[in-house]
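In what follows, a single structure is set out as structure tokens and then discussed.
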Amino acid sequence: MTHLPAPLHRALANGSLYAVLAALGFSFKAIFVKLAYAAGPVDAIALLALRMALALPLFAWLVWSSRSQGAAALTLGDGLRVALLGLFGYYLASLFDFYGLQYISAGLERLILFTYPTLVLVIQAVLQRERPTLRTLAAMGLCYLGLGIAFVHDIGSASGGSQVLVGALWVFASAVTYALYYAGTGIMLKRMGSMRLAGLCGTASSLMVLAHYLLVADVAPLLQLPRAVWANAALMALFSTVLPIYLVALAIQRMGPTHTAAVGNLGPVLTVLASWAILSEAISLYQVMGLALVLFGVSRLKPAKKTEAQASAGRA
1 MTHLPAPLHR ALANGSLYAV LAALGFSFKA IFVKLAYAAG PVDAIALLAL RMALALPLFA
61 WLVWSSRSQG AAALTLGDGL RVALLGLFGY YLASLFDFYG LQYISAGLER LILFTYPTLV
121 LVIQAVLQRE RPTLRTLAAM GLCYLGLGIA FVHDIGSASG GSQVLVGALW VFASAVTYAL
181 YYAGTGIMLK RMGSMRLAGL CGTASSLMVL AHYLLVADVA PLLQLPRAVW ANAALMALFS
241 TVLPIYLVAL AIQRMGPTHT AAVGNLGPVL TVLASWAILS EAISLYQVMG LALVLFGVSR
301 LKPAKKTEAQ ASAGRA
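For the sequence shown, UniProt numbering begins at 1 and goes up steadily by one.
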């Protein structure tokens with residue numbers, strides 16, 4: 001790392017590069033989901049089960065590799081907290097998101113999902129019993145104004161406005177559960193390393209998803225899916241699941257959950273561009289306006305000074 005250019009060295013040291021790379025990986029998740037839906041008859045829970053089944057060995061490898069970090073044995077409380085993070089982060093959040101993508105475009109999905117930084121800030125304010133500042137409230141207002149512009153236009157221009165509403169509600173539920181995961185990750189990283197936490201949370205999520213699938217369906221239909229569905233699920237498992245989860249943990253460990261969420265501004269832009277280039281989804285002026293407002297609003301989100309001071313004291 002000492003031979004890297006100074007800007008890249010700083011980006012690695014402060015965690016911003018990890019956050020950007022994680023946003024890049026997550027931004028293509030919706031693309032892989034849409035391509036899988038188009039490639040064959042697969043529903044949300046089957047595709048999610050395929051994704052997590054392929055990701056499970058990689059998560060297990062992260063847990064196995066982290067043993068060299070001299071981590072202490074998990075207590076019962078740690079196990080319950082990891083299970084909760086797995087429940088919120090990549091079981092419920094992913095399930096709700098996959099349901100939503102059956103009804104709305106990849107670009108609108110990412111725009112709605114990207115409201116999670118505002119939700120992270122609200123959760124932290126509640127936990128720390130702090131009132132949001134006027135700047136924070138204004139930034140959140142800009143985010144939801146931009147979302148409303150894009151959302152209302154999509155409902156008005158789509159043939160099935162009710163379906164857009166249903167899909168949007170599913171994706172917003174995903175944003176809420178993902179924000180809970182983000183906030184909880186910042187707490188748990190004080191107790192264990194980023195690699196170990198990413199592996200444990202991912203393993204817990206994978207087992208929950210697979211248990212859900214086995215309760216409602218058989219394994220045989222998965223084996224009969226087209227190769228293109230398997231290929232997109234495999235790409236999603238590696239580049240939009242395991243690697244970003246690990247990178248997010250690294251970023252949160254260095255920057256905290258609020259800053260990590262804010263640095264991911266690149267995500268919605270990449271998803272909108274990729275959905276246009278790969279899926280041929282139209283980009284309207286209203287989407288661009290909404291995206292600009294959401295990105296600007298998220299960029300203005302700042303944790304309270306007290307929180308930053310406490311974080312600095314903790315690191316010291």
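For each residue, glycine too, the CB sits at the ideal point set by N, CA and C.
Across the structure, A251 and W276 are spaced so that their CA atoms are roughly 29 Å apart. In the three-state DSSP reduction, R131 falls in the coil class, being neither helix nor strand.
Three or more beta-carbon pairs drawn from the stretch 21-34 and the stretch 232-246 are found closer than 8 Å, and the two stretches are therefore classed as touching. Fewer than three pairs of CB atoms, one per stretch, sit closer than 8 Å, so the stretch 51-64 makes no contact with the stretch 104-124. Here G40 has L225, P226, A228, V229 as same chain residues with Cβ atoms under 7 Å from its own Cβ, once five neighbours each way along the sequence are excluded. By the C-beta density criterion, V216 is exposed, having fewer than 16 other C-beta atoms within 10 angstroms. Annotation for T115: C143, Y144, L147, F172, A175, V294 place their beta carbon closer than 8 Å to its own, counting only its chain and skipping 5 residues before and after. Taking C-beta separations shorter than 7 Å and ignoring five residues to either side along the sequence, the partners of F26 in its chain run S240, P244, G267, following chain order. Leaving aside the five residues that flank L200 on each side, the residues in its chain whose CB is nearer than 7 Å to its CB run, in chain order, V63, V82. By the neighbour-count criterion, in which 16 or more other beta carbons inside 10 Å mark a residue as buried, R196 falls on the buried side.
For E109, the enclosing alpha helix (DSSP H) has its first and last residue at 106-113. Secondary structure note for F239: it is in no alpha helix (DSSP H), with a DSSP letter that is neither H nor E. Shortest Cα-Cα distance from M188 to any of V298, A231, G79 involves G79. Minimum Cα-Cα distance from Y91 among the listed residues H212, L111, A23, L113 corresponds to H212. A direct Cα-to-Cα measurement between A106 and A292 gives close to 17 Å. F151 and F28 have their C-alpha atoms some 21 Å from each other. Contact check for F98 and A168: beta-carbon distance about 14 Å, past the 8 Å limit, so the pair fails to qualify. Here DSSP, grouped into helix, strand and coil, assigns G193 to coil. L95 is positioned such that its CB atom lies closer than 8 Å to that of L48.
DSSP places Y99 inside the alpha helix (DSSP H), whose first and last residues are 93-100. Taking 8 Å as the cut-off, the beta carbon of G290 is found no closer than this to the beta carbon of S205. Each residue's CA atom was taken as its position, placing F59 and T203 some 6 Å apart. Between Y178 and G89, the C-beta gap is smaller than 8 Å, which places the two residues in contact. Under the DSSP assignment, F59 falls in the alpha helix (DSSP H) whose first and last residues are 44-65. Taking each of L24, A231, L50, A38 in turn and checking the Cα distance to D218, the smallest one comes out for L50.
As the crow flies, the alpha-carbon of G100 is around 25 Å from that of T260.
For V219, the secondary structure class from DSSP, reduced to helix, strand or coil, is coil. If you look at Y286, you'll find it in the alpha helix (DSSP H) that goes 285-299.
In this structure, DSSP gives F28 a state outside helix and strand, which the three-state scheme calls coil. Judged by their CB atoms, A249 and T185 are nearer to each other than the 8 Å cut-off. For R254, the closest C-alpha among the options L165, L76, G193 is that of G193.
Secondary structure of P41 (DSSP, three-state): coil. Close CB contacts of A198 within its chain, under the 7 Å cut and outside five residues either way in sequence, are with L62, I245, Y246, A249 (chain order). In the three-state scheme derived from DSSP, where H, G and I count as helix and E and B as strand, P226 is classed as coil.
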